[in-house]
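One structure is given below, encoded as structure tokens.
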Amino acid sequence: MNDRTKVLLRKWILGLAAFFGGLLLLSLLASWLLPRYFDQKLDSTLKQAVQEASDGLYSIQYDDISINIPLGNAEISGVVLKPDTAVYQRLVEQEKAPDQYLNLRTEKIRLNGISIVKLLLFKALSMDELAIQKPFLVIANKKRHYNESKESKPPYELIRDELNAIRIKKISLEEVDVVSINNNQSEPQKSHFKQLQLHVRDFRLNEDSEKDSSRILFSESIDLRVESLKLPVSNKLSSFTLQELTLSSQDSLLGVKQIHYKPLYSKSRFGKVAGIATDRLDLKFNDIRGKRVDVRKLLVERALWIRELGIQKGVMDIFRDQRYPKVPKDFKPYPHQLLQAADLTVRIDTIKIKGTDVIYGEVNDKSHQRGEIQFKGTYGTITNLTNDTTRIAQVPRCLVNVQTRFMGTGRLYAYFDFNLASTNGAFRCGGKMRNFELKEVDEVTRPLALAGVESGHLSLLDFNIRATARRSHITMRMEYEDLKAKVLKLDEDSGELEKRSFISNILNNIVIQSNNPRGNRTARIGEASLDRTHDQSFFTVIWQTILEAIKRITTGKDDSDE
53 MNDRTKVLLR
63 KWILGLAAFF
73 GGLLLLSLLA
83 SWLLPRYFDQ
93 KLDSTLKQAV
103 QEASDGLYSI
113 QYDDISINIP
123 LGNAEISGVV
133 LKPDTAVYQR
143 LVEQEKAPDQ
153 YLNLRTEKIR
163 LNGISIVKLL
173 LFKALSMDEL
183 AIQKPFLVIA
193 NKKRHYNESK
203 ESKPPYELIR
213 DELNAIRIKK
223 ISLEEVDVVS
233 INNNQSEPQK
243 SHFKQLQLHV
253 RDFRLNEDSE
263 KDSSRILFSE
273 SIDLRVESLK
283 LPVSNKLSSF
293 TLQELTLSSQ
303 DSLLGVKQIH
313 YKPLYSKSRF
323 GKVAGIATDR
333 LDLKFNDIRG
343 KRVDVRKLLV
353 ERALWIRELG
363 IQKGVMDIFR
373 DQRYPKVPKD
383 FKPYPHQLLQ
393 AADLTVRIDT
403 IKIKGTDVIY
413 GEVNDKSHQR
423 GEIQFKGTYG
433 TITNLTNDTT
443 RIAQVPRCLV
453 NVQTRFMGTG
463 RLYAYFDFNL
473 ASTNGAFRCG
483 GKMRNFELKE
493 VDEVTRPLAL
503 AGVESGHLSL
513 LDFNIRATAR
523 RSHITMRMEY
533 EDLKAKVLKL
543 DEDSGELEKR
553 SFISNILNNI
563 VIQSNNPRGN
573 RTARIGEASL
583 DRTHDQSFFT
593 VIWQTILEAI
603 KRITTGKDDS
613 DE
């Protein structure tokens with residue numbers, strides 16, 4: 053190699069070294085200066101954006117903000133979003149205040165994998181992950197009449213001036229604590245969501261994403277998990293809690309564990325606190341699983357559409373103390389009438405019930421004692437549970453078929469047929485049972501009918517009821533033998549029920565037919581029609597109607613004798 057070549061090579065090496073050295077120095081300076089510049093720029097831009105977007109209602113503060121330009125990462129810690137109460141009051145007076153009013157604080161917001169190139173060249177915010185850790189959110193809601201006519205802008209319209217698109221591959225919210233306050237009632241009602249976790253995959257917001265029907269809230273999938281959920285109950289006599297709720301759009305599954313609608317007062321105190329004779333509902337279910345859930349309708353349209361719902365091991369305990377005043381008012385709606393009036397649109401094709409106990413009890417206003425009708429270990433199906441008008445026009449009936457153990461021993465097959473299209477609450481129900489010892493109902497008839505059952509064997513019970521909101525009619529076939537009853541009265545001094553021996557003898561020897569059928573005669577059929585009183589609940593209507601038919605069969609009396 054000649055000297056000239058060596059000199060040129062040395063110059064090239066020195067030049068390249070200087071070039072790369074300069075790049076390195078520039079990179080070092082950039083890594084030190086640019087984050088500071090972007091920190092300051094992001095700080096001012098973020099605070100200004102929050103102020104402008106909320107008309108000065110909200111301000112944002114945080115402890116620290118850091119940016120890693122090469123990796124496209126950013127982290128904001130100690131974030132607090134709070135409202136200005138003076139501004140809020142001014143907006144209320146100007147009729148410009150929003151329906152929602154919130155406070156937010158969170159430990160950390162982390163953004164990973166932001167594409168700086170896409171952001172600068174294409175005005176597209178693209179990142180790998182958005183993670184929000186331990187946010188605590190308080191939302192107060194108050195519906196305002198002037199907001200009802202306002203048309204909300206599509207989400208893309210809110211960003212189009214600053215960004216062409218947003219794409220986030222993964223969104224994670226961990227250990228979320230949410231308090232929701234409903235100020236639309238006479239007194240605020242509070243709901244509390246603890247340990248909420250939300251995972252969103254492939255969120256995309258652009259001018260075409262709203263047209264993509266395969267996505268839910270612009271996302272490919274959404275998974276939600278909530279622990280220790282507590283919701284308010286309007287009557288303030290009960291509470292509503294659940295241990296865990298899970299929802300997966302990818303698997304179309306809904307899960308609820310340990311759901312409990314729980315009275316706040318015992319059976320002996322509930323009526324006294326309420327001041328009237330009203331139903332005390334104690335409803336508990338261990339496990340509820342929904343399959344083929346339409347998550348889009350639930351989250352976007354607030355409609356509950358489920359193909360199959362399974363209920364495992366529950367207790368439905370309904371109780372009423374009849375010693376308290378019956379408040380004159382309109383007839384209380386039946387269950388299917390309540391469903392039609394619900395704000396949430398419901399369409400559940402099939403519900404499968406396993407191992408559920410149903411108990412209906414009363415304190416009688418004459419005996420001052422409590423009696424309970426029990427249906428143990430109930431299994432069955434409910435089909436077409438809906439208040440969707442389109443579905444009702446196609447299939448207007450909700451059918452219930454169950455198998456249960458009446459008073460824990462008698463195997464009863466029962467059905468309900470609710471006419472969802474009816475304007476007068478029409479429904480039908482019926483049941484069939486064989487081989488039952490009638491003495492098992494003594495603990496029910498003693499307090500509720502002031503009559504005891506000393507003996508009797510039921511070989512067949514088959515009944516059908518047709519009812520509306522005002523009237524019920526029953527046809528019953530009841531075959532039995534060796535029936536013996538007793539009439540009771542309340543001893544005012546002891547508070548105990550005592551047998552009225554003379555009247556009981558007359559009842560058994562003259563009034564009651566001890567067998568049905570008698571000898572070779574045809575079995576008596578019991579028919580009865582009853583007018584419903586305004587204070588009778590759904591279950592009261594059924595058992596009072598059944599009791600009337602039993603009276604007619606056991607005494608040999610029918611409608612023509614009246």
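Last residue of the sequence shown: 614 (the numbering used here), numbering continuous.
The beta carbon of each residue, even a glycine, is placed where N, CA and C say it ideally should be.
Quick caveat, the model's predicted, so the values are computed rather than measured.
Report yes if the C-beta distance between V452 and Y467 is below 8 Å; otherwise report no. Stepping through the sequence shown from its first residue, residue 452 is reached at position 400. Stepping through the sequence shown from its first residue, residue 467 is reached at position 415. Yes.
Alpha carbon of L215 to alpha carbon of E272, nearest angstrom: Here residue 215 is taken as the residue at index 163 of the sequence shown, counted from 1. Here residue 272 is taken as the residue at index 220 of the sequence shown, counted from 1. Taking C-alpha positions only, L215 is separated from E272 by approximately 21 Å.
I think L248 touches V230, with their Cβ atoms under 8 Å apart; what is that distance to the nearest whole Å? Position 196 of the sequence shown, counted from the first residue, corresponds to residue 248. Position 178 of the sequence shown, counted from the first residue, corresponds to residue 230. Contact holds; Cβ gap of about 6 Å.
Let's test the definition: count the other Cβ atoms within 10 Å of the Cβ of G342 and tell me whether it reaches 16, buried, or not, exposed. Along the sequence shown, read from residue 1 onward, the residue named residue 342 stands at position 290. With 16 or more other Cβ atoms from the protein chains shown falling within 10 Å of its own Cβ, G342 counts as buried.
Relative to the C-alpha of N516, which candidate in S201, D534, K484 and Q146 has its C-alpha closest? The count along the sequence shown starts at 1 and reaches residue 516 at position 464. Minimum Cα distance to N516 is reached at K484.
P315 bridges to which residues according to DSSP? The count along the sequence shown starts at 1 and reaches residue 315 at position 263. Under DSSP, P315 takes part in a beta bridge, and its partners are S290.
Whose C-beta lies closer than 8 Å to the C-beta of M179 among residues of the same chain, with five residues either side of it excluded? If you number the sequence shown from 1, residue 179 lands on position 127. Taking M179 as the centre and dropping the five residues before and after it, the same chain places the C-beta of G124, L163, N164, G165, I166, S167, R219, I220 and K221 closer than 8 Å to its C-beta, in chain order.
To the nearest angstrom, how far is the alpha carbon of Q241 from that of P150? Stepping through the sequence shown from its first residue, residue 241 is reached at position 189. Stepping through the sequence shown from its first residue, residue 150 is reached at position 98. Those two C-alpha atoms are separated by around 19 Å.
DSSP three-state label for K365, please. One-based indexing of the sequence shown puts residue 365 at position 313. Here DSSP, grouped into helix, strand and coil, assigns K365 to strand.
Within this structure, are the beta carbons of E531 and A575 separated by less than 8 Å? As a working note, residue 531 is residue 479 in the sequence shown. As a working note, residue 575 is residue 523 in the sequence shown. A575 sits close to E531, with the two beta carbons spaced by under 8 Å.
Considering just the uninterrupted stretch of the beta strand (DSSP E) at R162, what are its terminal residues? The residue labelled residue 162 in the question sits at position 110 within the sequence shown. If you look at R162, you'll find it in the beta strand (DSSP E) that goes Q152 to N164.
Range covered by the beta strand (DSSP E) that runs through T397: Looking up residue 397 in the sequence shown gives position 345. In the DSSP annotation of this structure, the continuous segment of the beta strand (DSSP E) that includes T397 starts and ends at T397 to V415.
Residue closest to A355, alpha-carbon to alpha-carbon, out of L361, D346, I363 and F292: Mapped onto the sequence shown, residue 355 falls at position 303. Here the closest residue by C-alpha is D346.
State yes or no: is the C-beta of R518 within less than 8 Å of the C-beta of R584? By 1-based counting over the sequence shown, the position of residue 518 is 466. By 1-based counting over the sequence shown, the position of residue 584 is 532. With respect to the 8 Å criterion, R518 and R584 are not classified as neighbours on the basis of their beta carbons.
Using the beta-carbon count (16 or more within 10 Å), is K538 buried or exposed? To locate residue 538, count along the sequence shown from 1; it is residue 486. Burial call: buried.
Could you work out which residue in E239, Q310, P135 and R573 is closest to Q152 when comparing CA atoms only? One-based indexing of the sequence shown puts residue 152 at position 100. Per the Cα distances, P135.
How many Å lie between S566 and E506 at the Cα? By 1-based counting over the sequence shown, the position of residue 566 is 514. By 1-based counting over the sequence shown, the position of residue 506 is 454. For S566 and E506, the gap between their C-alpha atoms comes out near 12 Å.
Please report the straight-line C-alpha distance between N258 and F270, rounded to a whole angstrom. Your numbering for residue 258 matches position 206 in the sequence shown. Your numbering for residue 270 matches position 218 in the sequence shown. Going from the Cα of N258 to the Cα of F270 covers about 9 Å.
On the three-state DSSP scale, how would you describe Y442? As a position in the sequence shown, residue 442 is number 390, starting the count at 1. Checking the displayed sequence, the identity of residue 442 turns out to be Thr instead of Tyr. The answer is helix: DSSP assigns T442 an H, G or I state.
Below 8 Å CB to CB, which residues in the same chain sit around D331 once its five sequence neighbours on both sides are set aside? The count along the sequence shown starts at 1 and reaches residue 331 at position 279. Within the same chain, D331 has close Cβ partners I370, F371, R372 and S589.
Mind checking which residues open and close the beta strand (DSSP E) that includes L512? Counting from one through the sequence shown, the residue named residue 512 turns up at place 460. Its beta strand (DSSP E) spans residues A503 to A519.
Which listed residue (T402, S266 and L390) has its alpha carbon closest to that of L472: Taking the sequence shown and counting its residues from 1, one reaches residue 472 at position 420. Between L472 and the set T402, S266 and L390, the nearest pair of CA atoms involves L390.
Close Cβ partners of F292 (< 6 Å) along its chain, the five nearest in sequence each way excluded: The residue given as residue 292 occupies position 240 in the sequence shown. These residues qualify, in order along the chain: L283, V285 and Y313.
DSSP-derived helix/strand/coil call for D494: Within the sequence shown, the letter at position 442 stands for residue 494. In the three-state reduction of the DSSP assignment, D494 falls in the helix class, which pools H, G and I.
Classify N235 as buried or exposed, calling it buried when 16 or more other Cβ atoms lie within 10 Å of its own Cβ. Position 183 of the sequence shown, counting from 1, holds the residue named residue 235. It is exposed - the Cβ of N235 has fewer than 16 other Cβ atoms within 10 Å.
Which class does T298 belong to by DSSP, given the choice of helix, strand or coil? Counting from one through the sequence shown, the residue named residue 298 turns up at place 246. For T298, the three-state secondary structure derived from DSSP is strand.
Residue burial classification, D494 (beta-carbon count within 10 angstroms, cutoff 16): As a working mapping, residue 494 is identified with position 442 in the sequence shown. With at least 16 other beta carbons inside 10 angstroms of its own, D494 counts as buried.
Quick check: what's the CA-CA separation for Y208 versus H251? By 1-based counting over the sequence shown, the position of residue 208 is 156. By 1-based counting over the sequence shown, the position of residue 251 is 199. Rounded to whole angstroms, Y208 to H251 spans 22 Å at the Cα level.
For the stretch 437 to 448 against the stretch 416 to 426, do three or more pairs of beta-carbon atoms, one drawn from each stretch, fall closer than 8 Å, so that the two count as touching? Contact between the stretch 437 to 448 and the stretch 416 to 426 is absent, because fewer than three Cβ pairs lie under 8 Å.
Boundaries of the alpha helix (DSSP H) in which Q596 is found, first to last residue: On the sequence shown, residue 596 is found 544 positions in, with the first residue counted as 1. First-last of the alpha helix (DSSP H) with Q596: F590 to T607.
Can you tell me where the beta strand (DSSP E) holding E227 begins and where it ends? Along the sequence shown, read from residue 1 onward, the residue named residue 227 stands at position 175. For E227, the enclosing beta strand (DSSP E) begins and ends at A217 to N234.
How is the beta strand (DSSP E) around R523 delimited, first residue to last? The count along the sequence shown starts at 1 and reaches residue 523 at position 471. In the DSSP assignment, R523 falls within the unbroken beta strand (DSSP E) covering R523 to L542.
CB-CB under 6 Å to F188, same chain, minus the five flanking residues each way: which ones, in chain order? Stepping through the sequence shown from its first residue, residue 188 is reached at position 136. Taken in chain order, the residues that qualify are R157 and D229.
Reduced DSSP secondary structure (H/G/I, E/B, other) of F322: As a working note, residue 322 is residue 270 in the sequence shown. DSSP places F322 in helix when its eight states are reduced to three.
Residues of its chain near R267, where Cβ-Cβ distance is below 8 Å and the 5 sequence neighbours each way are ignored: In the sequence shown, the residue the question calls residue 267 occupies position 215. Contacts found: R256 and S261.
Ends of the alpha helix (DSSP H) at L173? Working through the sequence shown from its first residue, we reach residue 173 at position 121. Start and end: I168 to F174.
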